[in-house]
Amino acid sequence: MVTLSRKFSTATSDSLACISLKQFPQNPQKPIPFYQIQQQQPKQLESQIVTTLDGCKNLTQIKQVHARILLNGLDQSCYVLAKLIRTLTKLNIPMDPYPLSIFNRVKYPNPFLYNALIRGYLIEESLNESTEFYSLMRKEGVVPVSFTFTALLKACGAKMDVGLGRQIHGQTILVGGFGEDLHVGNSMIGMYIKCGFLECGRKVFDEMPNRDAISWTELISAYAKSGNMESAGELFDGLPVKDMVAWTVMVSGFAQNAKPREAIRFFEKMQEFGVETDEITLIGVISACAQLGAAKYADWIRDVAEKSEFGGKHSVVVGSALIDMYSKCGSVGDAYRVFQGMKERNVYSYSSMILGFAMHGLAHDAMKLFDEMVKTEIKPNRVTFIGVLTACSHAGMVEQGWQIFELMEKCYGIKPSADHYTCMVDLLGRAGRLQEAHELVKTMPIEPHGGVWGALLGACRIHKRADIAAIAANHLFELEPYCIGNYILLANIYASCGRWNDVSTVRKLMRTRGLRKNPAFSWIESEKGMVHEFFSGDMTHPRSGEIKQALEDLLDRLEAKGYQPHLSSVSYDVNDEDKRRILMTHSEKLALAFGLISTIPGSKIRIVKNLRICEDCHSVICGASQITGREIIVRDIMRFHHFHDGICSCGNFW
DNA sequence: GTTGTAGTAC
Numbered sequence: 009m010v011t012l013s014r015k016f017s018t019a020t021s022d023s024l025a026c027i028s029l030k031q032f033p034q035n036p037q038k039p040i041p042f043y044q045i046q047q048q049q050p051k052q053l054e055s056q057i058v059t060t061l062d063g064c065k066n067l068t069q070i071k072q073v074h075a076r077i078l079l080n081g082l083d084q085s086c087y088v089l090a091k092l093i094r095t096l097t098k099l100n101i102p103m104d105p106y107p108l109s110i111f112n113r114v115k116y117p118n119p120f121l122y123n124a125l126i127r128g129y130l131i132e133e134s135l136n137e138s139t140e141f142y143s144l145m146r147k148e149g150v151v152p153v154s155f156t157f158t159a160l161l162k163a164c165g166a167k168m169d170v171g172l173g174r175q176i177h178g179q180t181i182l183v184g185g186f187g188e189d190l191h192v193g194n195s196m197i198g199m200y201i202k203c204g205f206l207e208c209g210r211k212v213f214d215e216m217p218n219r220d221a222i223s224w225t226e227l228i229s230a231y232a233k234s235g236n237m238e239s240a241g242e243l244f245d246g247l248p249v250k251d252m253v254a255w256t257v258m259v260s261g262f263a264q265n266a267k268p269r270e271a272i273r274f275f276e277k278m279q280e281f282g283v284e285t286d287e288i289t290l291i292g293v294i295s296a297c298a299q300l301g302a303a304k305y306a307d308w309i310r311d312v313a314e315k316s317e318f319g320g321k322h323s324v325v326v327g328s329a330l331i332d333m334y335s336k337c338g339s340v341g342d343a344y345r346v347f348q349g350m351k352e353r354n355v356y357s358y359s360s361m362i363l364g365f366a367m368h369g370l371a372h373d374a375m376k377l378f379d380e381m382v383k384t385e386i387k388p389n390r391v392t393f394i395g396v397l398t399a400c401s402h403a404g405m406v407e408q409g410w411q412i413f414e415l416m417e418k419c420y421g422i423k424p425s426a427d428h429y430t431c432m433v434d435l436l437g438r439a440g441r442l443q444e445a446h447e448l449v450k451t452m453p454i455e456p457h458g459g460v461w462g463a464l465l466g467a468c469r470i471h472k473r474a475d476i477a478a479i480a481a482n483h484l485f486e487l488e489p490y491c492i493g494n495y496i497l498l499a500n501i502y503a504s505c506g507r508w509n510d511v512s513t514v515r516k517l518m519r520t521r522g523l524r525k526n527p528a529f530s531w532i533e534s535e536k537g538m539v540h541e542f543f544s545g546d547m548t549h550p551r552s553g554e555i556k557q558a559l560e561d562l563l564d565r566l567e568a569k570g571y572q573p574h575l576s577s578v579s580y581d582v583n584d585e586d587k588r589r590i591l592m593t594h595s596e597k598l599a600l601a602f603g604l605i606s607t608i609p610g611s612k613i614r615i616v617k618n619l620r621i622c623e624d625c626h627s628v629i630c631g632a633s634q635i636t637g638r639e640i641i642v643r644d645i646m647r648f649h650h651f652h653d654g655i656c657s658c659g660n661f662w
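What follows is the structure in structure tokens.
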């Protein structure tokens, strides 16, 4: 066997280099099939013991079989011992010392035994041990076989060690290439993808003499995860036989890339083609419905889920996804009904429900559910605490928030992450304790990320604190220079303080960085389940005339009751009349007016907005709920607002 | 007749 380590040890320095089949001899040495490596055929007794091992459920049983192995003089049988080690691995027995000692007593370990060890270390995530035993194997002159490579490539992927991955790539080619064995080629693609070298994975794919659905799907998934749905789609189109997994990758890919409509379209197509659906497909499409926030789709997918054999009530995974979806569609009641109907619950079910309550400002219910949860066997995780802290923050429960924050590490061993600090800064900031919030950011033991400073900046908007806002914004401009929202927020804060010179400085900064405002838009469902989108200032909807009329009527009635436009919500230095006009065409007001004229009187109006709701729209919708007697539910980027009879569930605190 | 590769939610 030729050692290539010298040749490939520099691979990391040239990060884009990829190994090509063409660099290697056309007639490489064939790998030795395992049946020739094996010294002798297993005897009947050996096969018997292997079958017994398959049925072992615990360590005691395995130890009994081990004793039987020794009694029968099979202490050097790699066939039996490899199975023994694998059985121990399955039960999550640590490799050191028991399985390792079994290996160490064998004089001539074969590739199967090495493989059992390498894979065992891989499973317990001792990746260095995993690769070290590979080196030992090579040193001892044991010829690796295909499944040694697949195990090792997995370890390289987990370690993100593309250097070692490339060495193995070279070796696999020398022993015959993966033309002989699809699994090795597929693992190679997987390794490059996990190391972040998508194009190298693509190259392997392009050069592979044979491919199967797994090769295609790996790449499609990688493109989807990197946000490149175009390349994913092209590959998908070229895939000769599209199976359930490939379709699922496309559905969840669109969902992950905030393209819920495409995700739903693909799911429908998938059903038209008669492709089966399983839990994982359902999760993707349910998550898409959650993003869309449309109640019609929510009920539709729930039906689909309940009709499938992986259906709603029977699956803890699908059930948890449904809870999240109903919460995000504004129906926290339906979410709770799903939760109550579930036979089995896990940490996802509880966390989704707690987050659902939090989003809707139902802090009391969130806390109650958390108390219920800690009485069960299910341990809360970091996300659960984000839910509980968010609940406190949306209800202004500062003291309870602090208590939970301290409890987290003391009682549950969860170190607060930057995301948890974000919740705390938000909690303190909203409550007007900006100095404390700023202090917390400065003294936190981990590096604050954009979210933490963003929460501080958001709090400065509520309490009009331009001084602290400038500090937070400066950090944000460094951490996320292309995030437009921060510039706009700072400009709005300056505007609300009347500091127009500072407003134009921020605008100039945006221009020099080539940033353009993200358009604000809202969407609403009509009776027929159609989703209508409204951009701010956009009067291109076919019923624009009626919408404008309805809006003017509404504002007239409100003004008669004492409503005054919040002119400070406009961050342009224009006259009051222009400000009034700009406010008139905010996207959520257009959606509201459309809702009033297009839905059955008395029914709920649900609006989703891509940004945070502004103060003026908030008070207009509040008033509208009173005059019209309609219940109006608005989901903004942060949370839900339930408007009913002139009162909002957020208590004017958001 | 020992072994390995692709997709999932809070």
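Residues in the first sequence are numbered from 9 upward in steps of one, following my numbering.
We treat Cβ as the ideally placed atom computed from N, Cα and C, and that holds for glycine.
Every value quoted in this text rests on a predicted model; they were computed, and no experiment measured them.
Identify, in the order they occur along the chain, each residue of the same chain with its Cβ nearer than 7 Å to the Cβ of I309, setting aside the five sequence neighbours on each side.
-> The residues are V293, I294 and C297.
Tell me whether V151 sits in a helix, a strand or coil according to DSSP, three-state version.
-> Three-state DSSP puts V151 in coil, outside helix and strand.
Tell me, please, which residues DSSP counts as bridged to H649.
-> Bridge pairing for H649: V642 [DSSP].
Report yes if the C-beta distance between E554 and I605 is below 8 Å; otherwise report no.
-> Yes, Cβ-Cβ distance for E554 and I605 is below 8 Å.
Let me know the secondary structure DSSP gives V539 once reduced to three states.
-> Strand at V539.
S530 - partner residues in DSSP beta bridges | F542 and K617, per the DSSP bridge assignment.
Cβ distance (whole Å) where G404 is taken to contact R438 below 8 Å | For a cut-off of 8 Å, the C-beta gap from G404 to R438 is around 7 Å, short enough to register as a contact.
Between F529 and R620, what straight-line distance do the alpha-carbon atoms span, to the nearest angstrom?
-> Take the alpha-carbon of F529 and the one of R620: they are about 10 Å apart.
Taking the continuous alpha helix (DSSP H) assigned at F262, which residues delimit it?
-> For F262, the enclosing alpha helix (DSSP H) stretches over residues M252 to Q264.
Straight-line CA distance for S134 to A124?
-> A124 has its alpha-carbon roughly 14 Å from the corresponding atom of S134.
Option in R565, Q572 and L591 with minimal Cα separation from G545 | Among R565, Q572 and L591, the Cα nearest to that of G545 is on L591.
Whole angstroms is fine: what's the gap from R643's alpha carbon to W508's?
-> Near 31 Å, if we compare the C-alpha coordinates of W508 and R643.
CB-CB under 7 Å to A366, same chain, minus the five flanking residues each way: which ones, in chain order?
-> The residues are A374, G395, T398, A399 and H402.
With a floor of 4 residues, list each alpha helix (DSSP H) that falls wholly inside the stretch 551-582, ordered by position along the chain.
-> Listed in chain order, they are 552-568.
Within its chain, find whatever has a CB closer than 6 Å to the CB of Q47; leave out the 5 residues flanking it on each side and keep chain order.
-> Reliability of the predicted coordinates at Q47 is poor, the pLDDT of 49 falling under 50, and no value is obtained from them.
Are the Cβ atoms of K91 and V58 separated by less than 8 Å?
-> Yes, Cβ-Cβ distance for K91 and V58 is below 8 Å.
Rounded to a whole number of angstroms, what is the C-alpha to C-alpha distance between F378 and G466?
-> When only Cα atoms are considered, F378 and G466 end up about 27 Å apart.
If you draw a straight line from the alpha carbon of I197 to that of K233, how long is it in whole angstroms?
-> So the alpha carbons of these two residues sit roughly 15 Å apart.
Taking one C-beta from the stretch 211-231 and one from the stretch 257-276 each time, how about it: are there three or more such pairs within less than 8 Å?
-> As far as the Cβ criterion goes, the stretch 211-231 touches the stretch 257-276, which means the pair count is three or higher.
Provide the residue(s) that pair with C656 in DSSP beta bridges, ordered along the chain.
-> Beta-bridge pairing by DSSP links C656 to F651.
Per-residue DSSP class, three states only, for A439 = Correct three-state label for A439: coil.
If we ignore side chains and look at the alpha-carbon of each, how far apart do I492 and R521 end up?
-> Going from the Cα of I492 to the Cα of R521 covers about 10 Å.
Throw me the rounded Cβ distance for the A302 and V539 pair, which I believe falls under 8 Å.
-> For A302 against V539, the beta-carbon gap comes to about 6 Å, under 8 Å, which counts as contact.
Answer with buried or exposed for H74, where buried requires no fewer than 16 other C-beta atoms within 10 angstroms of its C-beta.
-> Counting every other CB atom within 10 Å of its CB across the protein chains shown gives H74 a total of 16 or more, marking it as buried.
Are there three or more Cβ pairs, one per stretch, closer than 8 Å when the stretch 625-635 is compared with the stretch 560-572?
-> They touch, by the three-pair rule.
Cβ pair count under 8 Å reaching 3, the stretch 323-330 against the stretch 340-353 | The stretch 323-330 makes contact with the stretch 340-353; the number of CB pairs closer than 8 Å reaches 3 or more.
Helix, strand or coil for T520 per DSSP?
-> T520 carries a helical assignment under DSSP once its states are collapsed to helix, strand and coil.
Helix, strand or coil: how does DSSP classify H446 here?
-> The answer is helix: DSSP assigns H446 an H, G or I state.
Grab me the residues of I422's own chain with a C-beta within less than 6 Å of its C-beta, minus the 5 sequence neighbours each way, in chain order.
-> If you ignore the 5 residues before and after I422, its C-beta comes within less than 6 Å of the C-beta of R390 and M416, all in its own chain and listed in chain order.
Report the three-state DSSP secondary structure of Q84 (helix, strand or coil).
-> For Q84, the secondary structure class from DSSP, reduced to helix, strand or coil, is coil.
What first and last residue would you give for the alpha helix (DSSP H) that runs through P268?
-> P268: member of the alpha helix (DSSP H) spanning P268 to E280, first to last residue.
Measure the CB-CB distance between A632 and I532 and report whether it falls below 8 Å.
-> Taking 8 Å as the cut-off, the beta carbon of A632 is found no closer than this to the beta carbon of I532.
Spatial neighbours of W662 within its chain, please: CB distance less than 6 Å, with the 5 preceding and 5 following residues excluded, ordered by chain position.
-> Excluding residues up to 5 positions away in sequence, nothing lies with its Cβ nearer than 6 Å to the Cβ of W662 in the same chain.
Assuming V170 and T180 make a contact with CB atoms under 8 Å, what is their CB distance in whole Å?
-> At roughly 15 Å, the Cβ-Cβ gap does not stay under 8 Å, so V170 and T180 are not in contact.
Alpha carbon to alpha carbon, what distance is there between F648 and I641?
-> Between the C-alpha atoms of I641 and F648 there is a straight-line separation of about 7 Å.
Are the Cβ atoms of S195 and F141 separated by less than 8 Å?
-> Not closer than 8 Å, so no.
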